[in-house]
Amino acid sequence: MEQQGGQSPAQGPRVSLFVTCLADLFRPSVAWAAIELLEQAGCTVDVPAAQSCCGQPAYNAGEYDAARPLARQVIEVLEPADYVVLPSGSCAGMLIHHYPRLLEGEWRERAVALAAKTFELTTFLTEIAPLPAGDGSVTTAVAYHDSCAGLRELGIREQPRELLRQRCDVEVLELTQRDVCCGFGGTFCAKMPDIAAKMSDDKLKDALDKGARVLTGGDLGCLLTLAGRASRMGHDLEVRHVAELLVGDTGTPAIGEGDPG
Amino acid sequence: MEQTSQRFLDNATEAIGDKARAERRDMLALFTPIIRSAAVDAFPDFDEARAHLKAVRQHSLDHLDHYLARFESEALANGNQLHYARTPEEMNSIVLDLCQRHGAERVIKGKSMVTEETGLNDFLERGGLTVTETDLGEYIIQQAGETPSHIVGPALHKSPQEIRELFLDKHALGERDLSATEAMVAEARTVLRDRFLGGQVGIIGANALIAENGYSMLVTNEGNGDLCANLPQVLIVCTTIDRVLPRMEDAGALLRLLVRSATGQPQTCYTSFYSGPRREGDTDGPLETHYVLLDNGRTDILAGEYREMLECMRCGTCLTHCPIYAAVGGHAYGWVYQGPMGSVLTPLLTSLEASAALPNACTTCGRCAEVCPADIPLPDMLRDLRNEENRTGLTATRWRLGLRLHSQLARLPSLYRFATGIGIRVMHLLGRRRGHFAHVPGAAGWSRQRDFPAPQADTFMRQYRARQKAGAGDE
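Chains S and Y, in that order, are what the protein sequence lines are. Residue numbering for the first sequence follows this note's numbering, beginning at 1 and increasing consecutively. Residue numbering for the second sequence follows this note's numbering, beginning at 1001 and increasing consecutively.
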C-alpha cells in the first residue's frame, strides 16, 4: 500500500482512530482522551467519518452473515491509514484476530494487512508511539480490570499499568482473580443476567476488598457492565476508562454516575 | 441419563441460590487454577509439549481408520476380544450380554465418563446386576443417586458433612465416629474392599488406546482401576474409537499434559497399561478381556467442522477455569459433560435442539482455550455453534432481529449517526442527573440485575463533526 502523505519525523505517526461504538454512544470522553493521548505522543490523528461498529456484537452472537459486511466496510474505511488505534482490547482483537477468521479470499488478505497496523490504545502508546511522562498524579486507590479479549488475544497486561505508573504516578491494586471474566461477554450479560451478575459481583468484591476507590480498564463493555452492577448494588466505586485517567480527566462523572450540574 | 440442558438457565439460577455449594465452587475456582499453574510452570516446555501432542492427535485422527485397525489386530493378538458399538444402546447390550454369558451378578467399575454417556449402570441394574462404582468420588455420587458434577472430580460439589451423613445413612455399620475425613475414607475402603473381592466382572475406561501394541492406558489416583481390571475373571474396557494413539511414546506425551492439567500432579499415583488376559505363567489377571469401542456420533464429528473436539483428553481443566462453570456448577449443564468442553460436546453427542442454551453459556473470555492441554479453540467452537443455532432457527427471533437490525444500521454510517444521535441525546437528557436507568425498554435482560449507564452527552461522532465544522469556520 502507498504511504499516505509521507511520514516525516516531525509529523509523527499518522493514526486513524476507530472510536468504537460504545465510546461513541455512551462515553465520548474516552474518545477525546484517546485523541489527546495520541497527539501528546506526537501522532497526527484523524477520525474517519464512515465508522460505526466493528461488528463484534453480531459476530459473537454467531451472526456471521450480519458481521461480514460490517467487517468489509471497516476494512475499506481504515485500510488507507498508517496505523489504526482503538481504545478497546476486544474491538482491536476483533479487527486483528477475528476479521481474518470471518472473511475469505481477497478480503481475508486485506483483513490480515489491516491487522498488521492495528493496535489497542495502551499498546500503541507503549510500543509504537511512547507517551511522554506526565506530571499528573492520581491519589485515589486504583484497581485495574484486565478485559479478557485484550489480555488473551493481544497480550495487554503490563502496558496500561506502565502508563498509569508513568503518567499518573500510581501503582494499580492487583485483583486476586485478575484473569477472570467480569461477566460482560456481549449479549451474554443480557441473555444470562443472573450468571453475569454473580461474575460481576465477584469482580467488584475483589476490587473493593483491595481498597479500590476507582476501577479502571481498557474496555467499555466490561466497564459499563461493572458500573451498572456497582450502581445497582450501591457500591462506592468509580468506574472509569484508563484513557480518562491517563489524561487526568477525573472531573467527568464516572460511568453511571449523575451530573448534579 | 435424563438430559436437562435446555433448562440450563433455571438450573443455573437455582445453583447460584444455593449459597453453601456456591461457596465451595468459589473455593475450587480460586485454588484449582493455582495448583494447575504451579504444575505447568514447573514443567519446562509445556507449550512445546502441547504443540507436539496436538500434531500427534491430529495425525492419529487423520488416519483413524489405519490406527484403529492396527490397534484391533494387536489387541486381538494379545488375546483380547473386540466389540464395536455404534450407539449407547449397543454398548450397553454388549456389556450386559458379556456379563450374563459369565453368569455374573456383581460388577465392579472404575470411573468412566463413556459409560455415563451410555447410562450403563442403570441398564445393567435393570438387567438384574449389582454395579459398584469404585472410584471414591463416583462411589459417593452413586450412593447419593446423583450424577457427576465434574468429569474428573465427580463429587466435588459435595461437602465433607454431606458425605459423612450419606455414609452414616447408607452403610449399616452401627454407631461410629466419622468426624475425621480419614475415618470416612477408611470406611469407604473397607466397604469397597469386599466389593472388589466379590466382583465377577470388572469394567474400566481408558485414557488412551495404543495402536502399536494393542494396550490401553488408564490413570487413577486410588488404584481402583487396577483392582477392577485384575481381580475379577472378566475385564471389559469401555471406551470410544477416537482414543487411539499410534505409539507408546505418544501415551507418554499425553500423560505429561493430561495429569498436570487434571490434578496438578506431575504423575497420577497409578498409571496402568493393560495388555490382555492372563498369560501362561502369570500369577494373576483376568482370564478374559474385552474392549467395547463406542462410536456414538464420533465418526460424524470426525467428518465435520468440530473435529478438533475429538482431541479433548478429558482433563477437566476447562471446567475449573471457566467462570460460568464456577458460578453454576456442573449439574446445571444437564448432561454428562460440563463446562466449556461439555457445552461443545453435548450438542454434538445429543442434539443442538436439546442443548441450545449451552453454546450461549460463554463470554468468549478465552480462559479455557488458554489452559486446554489439547489446544482446542473452545470459544471459537461455541461461537460456531451459536451460528448454527441461528441458521437452524434455534435462536429467539428478538435476538436475531435486534442484532441484524443493528448491523444493517451500522452499515449506513450517516443514517447510523443520525439515528443514534437522536436516541442518545434523548437518553442523555433523561438520564444525566442520575447517571443511569434502573429499567430501559428493550433491555430487560440487562436491567434485571444491573443499572443501565446513561450516555454521557451527545454521540462522539456528532461532537467531533461539530468541532471540525467550527474549526473549518475559524480558518
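Cβ atoms here follow ideal geometry from the backbone N, Cα and C, with glycine treated the same way.
- Apart from sequence neighbours up to five positions away, the residues of its chain that approach residue 148 of chain S with a beta-carbon distance below 7 angstroms are 181, ordered along the chain.
- For the region 1403-1421 of chain Y, the set of positions with a beta-carbon nearer than 7 angstroms to some beta-carbon of chain S reads 1403, 1404, 1406, 1407, 1410, 1411, 1413, 1416, 1420 in chain order.
- Beta-carbon to beta-carbon, residue 1106 of chain Y and residue 1134 of chain Y are separated by about 12 angstroms, too far to satisfy the 8 angstroms threshold.
- Residue range 238-241 is occupied by the beta strand (DSSP E) that includes residue 240 of chain S.
- If you draw a 10 Å sphere on the C-beta of residue 1415 of chain Y, you find fewer than 16 other C-beta atoms in it, and that means exposed.
- Cβ proximity to chain Y below 7 angstroms picks out 62, 63, 64, 66, 67, 69, 70, 73 from the region 62-91 of chain S.
- DSSP places residue 46 of chain S in the uninterrupted beta strand (DSSP E) bounded by 44-46.
- Of all C-beta pairs linking the region 1029-1045 of chain Y to the region 1213-1233 of chain Y, fewer than three are shorter than 8 angstroms, placing the two stretches out of contact.
- Contact fails between the region 1318-1334 of chain Y and the region 1279-1295 of chain Y, because fewer than three Cβ pairs, one in each stretch, are under 8 angstroms apart.
- The C-beta of residue 1186 of chain Y comes no closer than 8 angstroms to any C-beta of chain S.
- Residue-level contact by beta carbon holds for residue 231 of chain S and chain Y, with a gap shorter than 8 angstroms.
- Looking at Y:1431, Y:1310, Y:1166, Y:1143, the one whose alpha-carbon comes closest to that of residue 1345 of chain Y is Y:1310.
- When the alpha-carbon of residue 87 of chain S is set against those of S:31, S:140, S:154, S:66, the nearest one is in S:31.
- The C-beta of residue 1230 of chain Y comes no closer than 8 angstroms to any C-beta of chain S.
- Put simply, the CB of residue 153 of chain S is near chain Y, with a gap under 8 angstroms to one of its CB atoms.
- Residue 256 of chain S: not part of any beta strand (DSSP E); DSSP gives it neither H nor E.
- Residue 1043 of chain Y carries a coil assignment under DSSP once its states are collapsed to helix, strand and coil.
- DSSP places residue 1237 of chain Y in no alpha helix (DSSP H) but in the uninterrupted beta strand (DSSP E) bounded by 1234-1240.
- Selection S:215, S:256, S:37, S:156 evaluated against residue 203 of chain S yields S:215 as nearest (Cα-Cα).
- At least one C-beta of chain S is nearer than 8 angstroms to the C-beta of residue 1464 of chain Y.
- Runs of alpha helix (DSSP H) with 4 or more residues, each lying fully within the region 1156-1242 of chain Y, are found at 1160-1170, 1181-1198, 1224-1230, listed in chain order.
- The region 25-43 of chain S and the region 109-125 of chain S touch, with three or more beta-carbon pairs separated by less than 8 angstroms.
- DSSP places residue 1131 of chain Y inside the beta strand (DSSP E), whose first and last residues are 1130-1133.
- At a Cβ-Cβ threshold of 8 angstroms, residue 57 of chain S and residue 1406 of chain Y count as neighbours.
- At a Cβ-Cβ threshold of 8 angstroms, residue 1110 of chain Y and residue 1225 of chain Y count as neighbours.
- With at least 16 other beta carbons inside 10 angstroms of its own, residue 1272 of chain Y counts as buried.
- Nearest C-alpha to residue 226 of chain S among S:167, S:207, S:106: S:207.
- The alpha carbon of residue 164 of chain S has as its nearest neighbour, out of S:156, S:151, S:138, the alpha carbon of S:138.
- Listed in chain order, the non-local C-beta contacts of residue 1347 of chain Y below 7 angstroms within the same chain comprise 1355, 1358, 1359, 1385, local neighbours out to five positions each way being set aside.
- Boundaries for residue 1108 of chain Y: no alpha helix (DSSP H) harbours it, while the beta strand (DSSP E) harbouring it runs 1106-1109, taken from the DSSP string.
- Rounded to the nearest whole angstrom, the CA to CA distance from residue 1375 of chain Y to residue 1268 of chain Y is 22 angstroms.
- The region 1247-1262 of chain Y makes contact with the region 1200-1220 of chain Y: 3 or more CB pairs, one atom from each, lie closer than 8 angstroms.
- When C-alpha distances from residue 48 of chain S are compared across S:92, S:19, S:64, the shortest belongs to S:19.
- DSSP lists S:46, S:84 as the bridge partner or partners of residue 16 of chain S.
- The alpha-carbon separation between residue 146 of chain S and residue 1053 of chain Y amounts to approximately 30 angstroms.
- Membership of residue 214 of chain S in the beta strand (DSSP E) is indicated by the continuous run 214-217.
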